[in-house]
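Novice: Just dropping this structure here.
Numbering (my numbering), first residue to last: 110 to 903.
Okay, here's the thing in structure tokens:
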């Protein structure tokens with residue numbers, strides 16, 4: 110019975126999705142033109158989770174198929190009357206053949222192709238739409254500072270949905286002309302569009318005037334072809350939403366015949382323009398005005414985006430042969446977008462790339478240094494759009510079992526949408542290889558490459574890069590482009606804020622790389638130490654970074670030396686489903702043996718072992734909170750839910766500097782009761798206070814923590830400042846905030862933490878903990894710091 114209900118729900122969602130899409134495209138009737146029934150067929154194929162032939166996502170092919178199969182047309186009409194399409198998606202004639210030719214030879218591209226057409230999740234497209242609408246209002250407001258042109262950028266790392274989000278603007282009734290400028294030797298997906306790519310990026314030469322003429326001719330051709338094709342669609346229907354739906358069904362389907370034909374027409378018109386006369390500013394403005402004046406029903410005076418020219422892989426427009434194509438291209442966009450029309454026209458160009466440099470596409474004064482961000486006349490540029498969402502495919506916390514958090518199919522749903530999309534059309538091994546390559550930015554990990562090493566470490570240990578350091582900006586820029594670092598914002602176009610959000614799959618990949626070779630651990634710790642000495646990386650508050658390193662490395666080493674079934678990335682899969690295999694670094698770890706490994710303690714009090722007999726920890730990475738857990742008892746979530754959320758995504762917490770009493774939290778799960786608890790850790794550098802006083806200050810019922818319960822918890826205080834060793838443990842069965850095991854550990858040495866000696870880490874941690882070992886800035890470093898603004902310019 111439960112399977113039937115689940116299946117019915119799945120079908121209902123599919124039907125609702127098709128009906129919602131068709132509602133935006135316009136009304137259907139028995140006597141509607143064949144092209145509208147083609148829209149319905151392509152919509153069914155696009156949104157179905159079954160293996161339907163992807164060629165029928167192309168509107169031209171869908172219409173042609175209907176033209177030769179009138180029985181299918183009758184079935185479509187019946188399905189439309191019933192508002193249910195499951196019979197259609199089960200038709201054998203629509204089933205997908207085996208992937209052939211290029212997609213057989215390049216399976217990676219085939220997976221990406223299939224993943225690209227999974228149902229779109231999240232609200233990033235709503236945010237992009239509102240961003241463009243707000244930009245249009247700003248651009249046309251005479252009371253605001255002058256902006257240079259109607260273009261903007263989307264900056265984000267790989268796999269976060271930049272391309273898909275631009276294309277999904279079609280769901281907002283925007284006319285989208287998508288083009289991909291990736292290099293010819295890059296066979297990833299979405300594929301390169303050869304016509305616009307060749308016009309804008311190939312054989313440019315050295316003369317800016319010639320490239321300017323080329324860009325004018327290109328945009329003139331786009332506007333003229335857009336005008337003619339949209340006028341043709343208005344002959345079919347007068348409804349603007351329906352016209353947008355018809356256009357986007359054809360032109361937003363990657364590699365469709367209609368899309369290829371449209372670019373072919375652009376190329377033909379472009380060649381005609383180039384052959385007749387060198388194109389100039391007047392020509393592109395005339396073509397633009399012919400388009401908007403011929404389509405008054407589309408180009409109304411409101412600020413909603415009407416047409417978006419989406420240029421993907423825009424980093425190819427950076428410097429070539431001594432020329433800056435982006436500068437010239439943007440000057441052409443400025444020419445027509447600053448023309449004073451009788452009404453407002455929301456026509457935008459959106460550049461997208463992983464490269465931060467696209468945020469600065471502009472035409473600059475010829476006398477300006479190339480690092481200047483001031484365009485001609487001092488006009489402003491719009492800040493890039495970065496809000497592409499996170500965890501779009503994550504299941505609700507209520508539906509997840511805490512015992513199954515290590516299963517790969519659970520882990521893949523956290524983070525960027527790329528990972529979970531592979532489950533439908535790929536295997537585990539290729540996905541793991543892809544994740545490793547993207548994190549390292551190379552097909553293989555090079556332990557001597559500083560950027561590789563910092564990316565691997567930063568993803569798990571949440572490093573704090575000093576924003577003023579001369580090396581930081583370059584590292585951050587390369588991190589977004591090559592190492593999956595996420596861009597949060599770049600609001601003032603000088604400072605760019607980036608980091609690694611919680612993404613447990615990458616944490617497991619990182620752990621695998623760090624511990625794959627015996628020498629790797631020593632090498633990356635040496636790299637980290639050098640960057641701390643150069644003051645590129647901050648050690649934060651006393652013991653903050655050292656503590657994150659100590660606890661997560663202890664867990665890594667415990668898993669790899671003390672637990673059974675260690676097999677590289679995975680433990681043995683529990684069944685036939687490859688996606689149910691468990692990741693080593695997300696598996697549950699018994700807490701009492703783990704603490705024994707850390708402190709070298711073989712036996713604990715009987716009551717302690719009994720209280721925590723069924724207690725486990727589970728964390729693969731650290732994340733830092735930006736505010737306190739609670740304010741005077743006002744918790745965002747209950748202590749139970751807050752802790753459970755972090756357990757489910759295998760995340761430990763470094764608290765912000767303003768959090769009273771505690772500095773870190775590691776979630777605990779009790780398998781017998783299903784309840785959660787915490788290890789609260791406090792880092793201190795105090796040699797005078799007594800351990801009992803320091804430990805007594807850790808109180809989880811405090812109004813700024815608000816996690817009190819009757820479930821046992823653990824409080825640990827580490828006194829980093831001691832040269833000698835101290836260790837105390839106290840079991841408090843009747844604490845005011847629940848039963849607690851309280852541990853005091855003083856001194857970073859082999860006596861307090863024996864596992865450090867076993868793995869030759871004592872000296873390394875000693876250097877990390879004591880700040881007096883970090884050299885002062887010398888004259889060279891001071892000079893670099895004084896000129897950091899020059900380093901931060903792109």
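Using N, Cα and C, we set each Cβ at its ideal position, and we do this for glycine too. Please read these numbers as outputs of a predicted model, since none were measured by experiment.
Alpha carbons only, please: which of 763, 819 and 351 is nearest the one belonging to residue 848?
Specialist: Of 763, 819 and 351, the residue nearest in Cα terms is 819.
Novice: How would you label residue 557, buried or exposed, when you count the other beta carbons within 10 angstroms and need 16 or more for buried?
Specialist: So residue 557 ends up on the exposed side.
Novice: Could you tell me the distance, in whole angstroms, from the CA atom of residue 867 to the CA atom of residue 708?
Specialist: Going from the Cα of residue 867 to the Cα of residue 708 covers about 12 Å.
Novice: Can you pull the DSSP bridge partners for residue 699?
Specialist: Note: residue 699 sits in a beta bridge opposite 725.
Novice: In chain order, what residues of the same chain lie with their CB nearer than 6 Å to the CB of residue 125, ignoring the 5 residues before and after it?
Specialist: Hits under 6 Å: none found.
Novice: Would you grab the beta carbon distance between residue 528 and residue 614 for me? Rounded to a whole angstrom, and I think it's under 8 Å.
Specialist: At roughly 5 Å, the Cβ-Cβ gap stays under 8 Å, so residue 528 and residue 614 are in contact.
Novice: Taking DSSP as the reference, what is the three-state secondary structure of residue 776?
Specialist: DSSP places residue 776 in strand when its eight states are reduced to three.
Novice: Could you pull the start and end residues of the alpha helix (DSSP H) that residue 822 belongs to?
Specialist: Counting along the chain, residue 822 falls outside any alpha helix (DSSP H), though it belongs to the beta strand (DSSP E) covering 822 to 828.
Novice: For the beta strand (DSSP E) that contains residue 857, what are its first and last residues?
Specialist: Premise fails: residue 857 is in no beta strand (DSSP E) and is neither H nor E.
Novice: What residues in its chain sit with their C-beta under 7 Å from that of residue 128, if we drop five residues either side in the sequence?
Specialist: Result list for residue 128: 192, in chain order.
Novice: What is the residue span of the alpha helix (DSSP H) that residue 380 lies within?
Specialist: Taken as a continuous stretch (DSSP letters only), the alpha helix (DSSP H) holding residue 380 covers 366 to 385.
Novice: Do you know whose CA, among 702, 698, 677 and 143, lies nearest residue 690's CA?
Specialist: Residue 690 has its Cα closest to that of 677, out of 702, 698, 677 and 143.
Novice: What is the rounded straight-line gap between the Cα of residue 303 and the Cα of residue 588?
Specialist: Cα to Cα, the separation comes out at about 29 Å.
Novice: On the DSSP bridge list, what partners appear for residue 793?
Specialist: Bridge partners of residue 793: 828.
Novice: Determine the DSSP secondary structure at residue 818, reduced to helix, strand or coil.
Specialist: Three-state DSSP puts residue 818 in coil, outside helix and strand.
Novice: Within the region 621 to 697, note down every full alpha helix (DSSP H) run reaching 4 residues or more, in order along the chain.
Specialist: Those alpha helix (DSSP H) runs which fall completely within the region 621 to 697 and span 4+ residues are 629 to 642 and 653 to 671.
Novice: Which stretch, first to last residue, makes up the alpha helix (DSSP H) that contains residue 191?
Specialist: First-last of the alpha helix (DSSP H) with residue 191: 179 to 191.
Novice: Given this structure, state the Cα-to-Cα distance separating residue 274 from residue 177, to the nearest angstrom.
Specialist: Those two C-alpha atoms are separated by around 34 Å.
Novice: For residue 197, which residues of its own chain have a beta-carbon under 6 Å away from its beta-carbon, when the five flanking residues on both sides are left out?
Specialist: Counting only Cβ-Cβ distances below 6 Å, and skipping sequence neighbours, we find 153 and 188.
Novice: Do residue 729 and residue 694 have their C-beta atoms within less than 8 Å of each other?
Specialist: Yes, the pair counts as a contact, with Cβ atoms nearer than the cut-off.
Novice: Curious, which full-length alpha helix (DSSP H) runs of at least 4 residues does the region 558 to 587 contain?
Specialist: You should have 559 to 570.
Novice: Looking only at its own chain, which residues have a Cβ that is under 6 Å from the Cβ of residue 572, when we skip the five neighbours before and after it?
Specialist: If we look at residue 572 and ignore the five residues flanking it on each side, its Cβ neighbours are 646.
Novice: Spatial neighbours of residue 234 within its chain, please: C-beta separation below 8 Å, excluding the five flanking residues on both sides.
Specialist: Taken in chain order, the residues that qualify are 274, 277, 278, 280 and 281.
Novice: Please state whether the Cβ-Cβ distance between residue 530 and residue 265 is less than 8 Å.
Specialist: Cβ atoms of residue 530 and residue 265: not closer than 8 Å.
Novice: Run through the DSSP bridge pairs and tell me what residue 460 is partnered with.
Specialist: Answer is 262 and 420.
Novice: Taking just the CA atoms, how far does residue 389 sit from residue 325?
Specialist: Cα to Cα, residue 325 sits roughly 6 Å from residue 389.
Novice: Roughly how many angstroms separate the alpha carbons of residue 706 and residue 466, rounded to a whole number?
Specialist: Between residue 706 and residue 466, the C-alpha separation is close to 47 Å.
Novice: Distance check for residue 541 and residue 799, CA to CA, integer angstroms please.
Specialist: So the two alpha carbons sit approximately 49 Å from each other.
Novice: In chain order, what residues of the same chain have a beta carbon less than 6 Å from the beta carbon of residue 358, not counting five sequence neighbours either side?
Specialist: Counting only Cβ-Cβ distances below 6 Å, and skipping sequence neighbours, we find 148, 151 and 168.
Novice: With 16 other CB atoms within 10 Å as the buried threshold, where does residue 785 fall?
Specialist: Classification of residue 785: buried, given that the 10 Å Cβ count is 16 or more.
Novice: Pick from 356, 568, 327 and 831: whose alpha carbon is nearest that of residue 381?
Specialist: Nearest C-alpha to residue 381: 327.
Novice: Please go through the same chain and pick out, in chain order, the residues whose beta-carbon is closer than 7 Å to the beta-carbon of residue 509, but skip the five residues on each side of it.
Specialist: Excluding residues within five positions, the ones whose Cβ falls inside 7 Å are 519 and 757.
Novice: Where in the region 126 to 169 do unbroken runs of the alpha helix (DSSP H), each at least 4 residues long, occur, reported from the N-terminal end onward?
Specialist: With a minimum length of 4 residues, the continuous alpha helix (DSSP H) runs that stay inside the region 126 to 169 are 143 to 156.
Novice: Starting from residue 325, follow the alpha helix (DSSP H) in both directions and report where the run begins and ends.
Specialist: It spans 317 to 343 - the alpha helix (DSSP H) in which residue 325 sits, taken as one unbroken run.
Novice: Using CA atoms only, rank isn't needed, just tell me which of 823, 845 and 851 is closest to residue 836.
Specialist: Per the Cα distances, 851.
Novice: Using alpha carbons as the reference points, say which of 183, 617 and 334 lies closest to residue 370.
Specialist: Among 183, 617 and 334, the Cα nearest to that of residue 370 is on 334.
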